[in-house]
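Below you'll find the structure, written out as structure tokens, and then a few comments.
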Amino acid sequence: MTKLLFTVLAFYLMSLQHLQAQSGTENDVQQVKQVLSTYKAAVEALDASNTLPLFAPDAKVFESGGVEGTYANYLDHHLAPELKAFKSFDYSDYKVDVQVDGSYAFATETYVYTIVLAKNGSTIKKKGVATSTLKKIDGKWQIVSSHSSSRNSK
């Protein structure tokens, strides 16, 4: 009887641990999605000035075959000037998949983006994909690596 009670108790404790781990993982998945959503919203608002906290200080950015350096460098020398040249930037057909493994998360985003240029109103429409690695640093998810690429949309 004692052995049966011990087995039942051990099973119960393992099940409880498993449920707590799943709950923590689901919470982490939602937090990672929120980081990505906040970044996406900033790009659509054409104002990425408040996005630095979404990225670790030494985060690396890779875009369409280029090494952009740290996110701060990418923001100052690429993204911010580019956003100033746009009248609008809209994402559609957006999908995101997030896998959490301990203090790291791996995300894949797929989307179509449409840009309208401010200078002449011409439209650019592309199909894109981005992969990001995030790390939980001091209890907060931050992007440590981001790679995006695109091709003409059909």
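Quick note on numbering: the sequence shown equals residues -21 to -1, 1 to 133 in mature numbering (1 follows the signal peptide of the UniProt record, and there is no 0). We treat Cβ as the ideally placed atom computed from N, Cα and C, and that holds for glycine. In this text the structure is predicted, and so the values were computed from the model without any measurement.
Rounded distance between the beta-carbons of A84 and V11, thought under 8 Å: Counted from its first residue, the sequence shown places residue 11 at position 32. Counted from its first residue, the sequence shown places residue 84 at position 105. 4 Å between Cβ atoms; contact.
Straight-line gap, V14 to G100 (C-alpha atoms, nearest Å): Numbered from 1 along the sequence shown, position 35 holds the residue referred to as residue 14. Numbered from 1 along the sequence shown, position 121 holds the residue referred to as residue 100. Roughly 30 Å separates the two Cα atoms.
Expected contact under 8 Å - CB spacing of V8 and V79 to nearest Å: Along the sequence shown, one-based indexing puts residue 8 at 29. Along the sequence shown, one-based indexing puts residue 79 at 100. For a cut-off of 8 Å, the C-beta gap from V8 to V79 is around 6 Å, short enough to register as a contact.
Sub-8 Å separation of Y42 and S127 beta-carbons: Within the sequence shown, residue 42 is the residue found at index 63, counting from 1. Within the sequence shown, residue 127 is the residue found at index 148, counting from 1. Residue identity check: residue 42 is Glu in the sequence provided, not Tyr. Yes, Cβ-Cβ distance for E42 and S127 is below 8 Å.
Integer Cβ distance of S132 from K104, believed to fall under 8 Å: As a first step, residue 132 is located in the sequence shown; it is residue number 153 there, counting from the start. As a first step, residue 104 is located in the sequence shown; it is residue number 125 there, counting from the start. About 5 Å separates the two Cβ atoms, so the contact holds.
Short Cβ contact (8 Å threshold) for V123 with A38: On the sequence shown, position 144 is the one that residue 123 refers to. On the sequence shown, position 59 is the one that residue 38 refers to. It is a contact, given that the beta carbons lie within the stated cut-off.
Whole-angstrom C-beta distance between Y53 and L33, which should lie under 8 Å: Taking the sequence shown and counting its residues from 1, the one referred to as residue 33 is at position 54. Taking the sequence shown and counting its residues from 1, the one referred to as residue 53 is at position 74. Contact between L33 and Y53 is absent: CB atoms are separated by about 12 Å, not below the 8 Å threshold.
Minimum C-alpha distance to A35 - residue among E61, L58 and G48: Locating residue 35 in the sequence shown gives position 56, where the first residue counts as 1. Just measuring C-alpha positions, the residue of E61, L58 and G48 sitting nearest A35 is G48.
First and last residue of the uninterrupted beta strand (DSSP E) at L113: Position 134 of the sequence shown, counted from the first residue, corresponds to residue 113. Start and end: T102 to I116.
L113 to L31 span [Cα, whole Å]: As a first step, residue 113 is located in the sequence shown; it is residue number 134 there, counting from the start. As a first step, residue 31 is located in the sequence shown; it is residue number 52 there, counting from the start. Separation of L113 and L31 (C-alpha to C-alpha, rounded to the nearest whole angstrom) is 14 Å.
Span separating the alpha-carbon of L96 from that of T87: The residue you call residue 96 lines up with position 117 of the sequence shown. The residue you call residue 87 lines up with position 108 of the sequence shown. Rounded to the nearest angstrom, the two C-alpha atoms are 27 Å apart.
K115 vs S82 beta-carbon contact at 8 Å: Locating residue 115 in the sequence shown gives position 136, where the first residue counts as 1. Locating residue 82 in the sequence shown gives position 103, where the first residue counts as 1. Yes, the Cβ-Cβ distance between K115 and S82 is below 8 Å.
Environment of V46 [buried if 16+ CB atoms lie within 10 Å]: Residue numbering aside, residue 46 sits at position 67 when the sequence shown is read from its first letter. Exposed, because fewer than 16 other Cβ atoms sit within 10 Å of the Cβ of V46.
Own chain, CB closer than 7 Å to L58, minus 5 neighbours either side, in chain order: The count along the sequence shown starts at 1 and reaches residue 58 at position 79. Excluding sequence neighbours, L58 sits near A27.
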